[in-house]
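Heads up: the structure comes next, in structure tokens.
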Amino acid sequence: MTKYTDQGKQDTRSGYGAGMTELGRTNPNVVALCADLVGSLKIETFIEESPERFFQTGIAEANMMGIAAGLTIGGKIPFASTFANFATGRVYDQIRQSIAYSDKNVKICASHAGLTLGEDGATHQILEDIGLMKMLPGMTVINPCDFNQTKAATIAIAEHHGPVYLRFGRPKVANFTPVDQKFEIGKAVMLSEGTDVTIIATGHLVWEALIAAESLENQGISAEVINIHTIKPLDEEAILASVKKTGCVVTAEEHNYLGGLGESVSGVLSSHYPAPQEFVATKDTFGESGTPEQLMEKYGLNNKAIEAAVLKVLKRK
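Here the sequence shown is numbered in UniProt numbering, starting from 1 and rising by one per residue.
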């Protein structure tokens with residue numbers, strides 16, 4: 001399999017900040033909004049360089065979404081950013097009515113998603129946001145895997161017309177994708193080819209999938225690893241081509257198995273090519289306070305859990 005190396009751990013939210021800095025310098029229509037979390041979203045440089053294009057809405061997320069929708073009418077491209085829990089669950093009505101239903105060109109940029117938010121606990125660790133957002137007609141849903149890919153995704157969505165949900169996280173994680181990558185919305189990335197099992201991962205679980213694949217290779221199991229950074233629109237062609245080759249699949253995500261990536265993949269397979277599937281995801285539960293490592297271990301969201309799921313699904317082929 002192809003070997004990937006960690007170029008140095010970085011948080012994906014800083015990838016968003018780096019992307020916003022570049023957009024601030026290259027796209028005069030991009031504006032930024034934030035709900036009192038500038039430091040957490042890493043957009044200080046954008047604000048320093050383009051203060052007239054930044055709107056601090058305070059702890060008023062619903063208003064932020066309405067303001068963002070209004071800014072699009074004048075041709076602006078608003079990037080509205082806050083924690084993922086506040087960017088979806090708290091403001092779902094405003095997103096549905098003012099952004100999705102109205103087909104407004106708003107980019108909803110959500111940090112601190114999933115269990116890796118860590119010590120802030122269950123109230124902030126949203127594990128339902130992908131499901132909430134993918135169900136909205138016309139909403140594009142993107143969940144990049146590392147700093148470089150988050151930066152590339154941030155830049156790419158500015159060129160995409162229509163509402164986008166961009167999900168990223170708090171902790172420093174492996175940064176392993178190319179610095180100069182071309183980010184194509186809706187196109188899966190083949191990370192390593194294999195013949196025995198397909199591992200489809202998103203977000204923080206992509207690096208864990210690569211670690212699992214390397215361990216499996218040492219056991220004589222050939223795993224194909226695919227990075228699904230865009231959950232909607234889903235790259236059905238890539239999924240079907242891989243599973244037709246391997247005959248089984250494991251999906252891995254930092255999200256509830258209800259409504260997440262795995263459910264989208266199972267929908268594709270049930271319609272076109274039924275095959276055994278195992279889910280690495282949270283099992284209809286809320287999180288709790290703890291370090292990211294403790295929580296990912298307890299809730300079964302790491303390379304060991306992926307490896308175990310592979311061994312299980314292979315028995316079902």
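Just so you know, even glycine gets a beta-carbon here, dropped at the ideal spot from N, CA and C. This one's a predicted model, so the numbers in the text were calculated from it and none came from an experiment.
Answer yes or no: does any C-beta atom of chain C fall closer than 8 Å to that of D129?
Note that chain C does not occur in the displayed structure, where there is just one protein chain.
Here's a check: name, in chain order, each residue in its chain whose Cβ is nearer than 7 Å to the Cβ of N29, leaving out the five neighbours to either side.
Numbered from 1 along the sequence shown, position 29 holds the residue referred to as residue 29. If we look at N29 and ignore the five residues flanking it on each side, its Cβ neighbours are G75, K76, I77.
Would you mind stating whether Y4 and K42 have Cβ atoms separated by less than 8 Å?
Position 4 of the sequence shown holds residue 4. Position 42 of the sequence shown holds residue 42. No.
Is P78 helix, strand or coil by DSSP?
Start at 1 with the first residue of the sequence shown, and residue 78 comes out as number 78. Strand, per DSSP.
What residues are listed by DSSP as bridge partners for T251?
What you label residue 251 is simply residue 251 of the sequence shown in a count that begins at 1. DSSP, once it has assigned bridges, lists I200, F279 as partnering T251.
If we count the other Cβ atoms within 10 Å of its Cβ and call it buried at 16 or more, is P137 buried or exposed?
Indexing the sequence shown from 1 puts residue 137 at position 137. Exposed is the call here.
Output the boundary residues of the alpha helix (DSSP H) element that contains V265.
Locating residue 265 in the sequence shown gives position 265, counting from the first residue. 261-272 is the span of the alpha helix (DSSP H), which, as asked, contains V265.
Taking 7 Å as the line, does the beta carbon of N256 fall inside it for any heavy atom of the ligand MN?
This structure simply doesn't include the ligand MN, nor any ligand for that matter.
Output the distance between the C-alpha atoms of A153 and F147, rounded to the nearest integer angstrom.
Residue 153 sits at position 153 when you count from the first residue of the sequence shown. Residue 147 sits at position 147 when you count from the first residue of the sequence shown. Those two C-alpha atoms are separated by around 10 Å.
Taking the alpha-carbon positions, what's the E128 to S50 distance?
Translated into the one-based positions of the sequence shown, residue 128 becomes position 128. Translated into the one-based positions of the sequence shown, residue 50 becomes position 50. Approximately 34 Å between the Cα atoms of the pair.
I'd like to know whether the C-beta atoms of V31 and A62 end up nearer to each other than 8 Å.
Locating residue 31 in the sequence shown gives position 31, counting from the first residue. Locating residue 62 in the sequence shown gives position 62, counting from the first residue. Not a contact, by the Cβ cut-off of 8 Å.
Using three-state DSSP, classify A18 as helix, strand or coil.
By one-based count along the sequence shown, residue 18 stands at place 18. The answer is helix: DSSP assigns A18 an H, G or I state.
Mind pulling the beta strand (DSSP E) runs of 3 or more residues that sit fully within the segment 73-139?
Entirely contained in the segment 73-139, the beta strand (DSSP E) runs reaching 3 residues are, in chain order, 77-83, 107-111.
Rounded to whole angstroms, what is the Cα-Cα separation between L258 and G131?
Here the question's residue 258 lines up with position 258 in the sequence shown. Here the question's residue 131 lines up with position 131 in the sequence shown. Distance between the alpha carbons of L258 and G131: 7 Å.
In whole angstroms, what is the alpha-carbon distance linking M1 and N303?
Within the sequence shown, the letter at position 1 stands for residue 1. Within the sequence shown, the letter at position 303 stands for residue 303. For M1, the pLDDT reaches just 49, beneath the cut-off of 50, and the residue's location in the model is therefore unreliable, although a value from the coordinates is still provided. Cα to Cα, M1 sits roughly 16 Å from N303.
The alpha helix (DSSP H) with K298 in it runs from where to where?
The sequence position of residue 298 within the sequence shown is 298, counting from 1. Where K298 is concerned, the enclosing alpha helix (DSSP H) stretches over 292-298.
To the nearest angstrom, report how far apart N174 and G8 are at their CA atoms.
To locate residue 174, count along the sequence shown from 1; it is residue 174. To locate residue 8, count along the sequence shown from 1; it is residue 8. The residue you asked about is not Asn; residue 174 is Ala in the sequence shown. Distance between the alpha carbons of A174 and G8 is about 6 Å.
Run through DSSP, which three-state label would K172 get?
As a first step, residue 172 must be located in the sequence shown, where it is residue number 172. Residue state, collapsed to three classes: strand.
What's the call for P178, buried or exposed, on a 16-neighbour Cβ count within 10 Å?
Numbered from 1 along the sequence shown, position 178 holds the residue referred to as residue 178. By the 10 Å Cβ count, P178 comes out exposed.
With DSSP run on the structure shown, which of helix, strand or coil describes A188?
Translated into the one-based positions of the sequence shown, residue 188 becomes position 188. Of the three classes helix, strand and coil, the one that applies to A188 here is coil, per DSSP.
For A305, count neighbouring Cβ atoms within 10 angstroms of its own Cβ and tell me buried if that reaches 16, exposed if not.
Translated into positions along the sequence shown, residue 305 becomes position 305. Buried is the call here.
Spatial neighbours of K244 within its chain, please: C-beta separation below 7 Å, excluding the five flanking residues on both sides.
On the sequence shown, position 244 is the one that residue 244 refers to. Counting only Cβ-Cβ distances below 7 Å, and skipping sequence neighbours, we find Y273.
In or out: D196 buried (at least 16 other Cβ within 10 Å) or exposed?
If you number the sequence shown from 1, residue 196 lands on position 196. Classification of D196: buried, given that the 10 Å Cβ count is 16 or more.
Which class does E217 belong to by DSSP, given the choice of helix, strand or coil?
Translated into the one-based positions of the sequence shown, residue 217 becomes position 217. In this structure, E217 counts as helix in the three-state DSSP scheme.
Straight-line CA distance for C34 to R13?
Sequence index remark: in the sequence shown, residue 34 carries index 34 (1-based). Sequence index remark: in the sequence shown, residue 13 carries index 13 (1-based). About 14 Å.
Excluding the five sequence neighbours on either side, which residues of its own chain have a C-beta within less than 6 Å of the C-beta of A201, listed in chain order?
Within the sequence shown, residue 201 is the residue found at index 201, counting from 1. Around A201: A209, A252.
Based on DSSP bridge pairs, tell me the residues matched to A223.
Within the sequence shown, residue 223 is the residue found at index 223, counting from 1. For A223, which the question treats as bridged, DSSP gives the partners V197.
Name the one or two DSSP bridge partners that C145 has.
Indexing the sequence shown from 1 puts residue 145 at position 145. C145 is not bridged to any residue.
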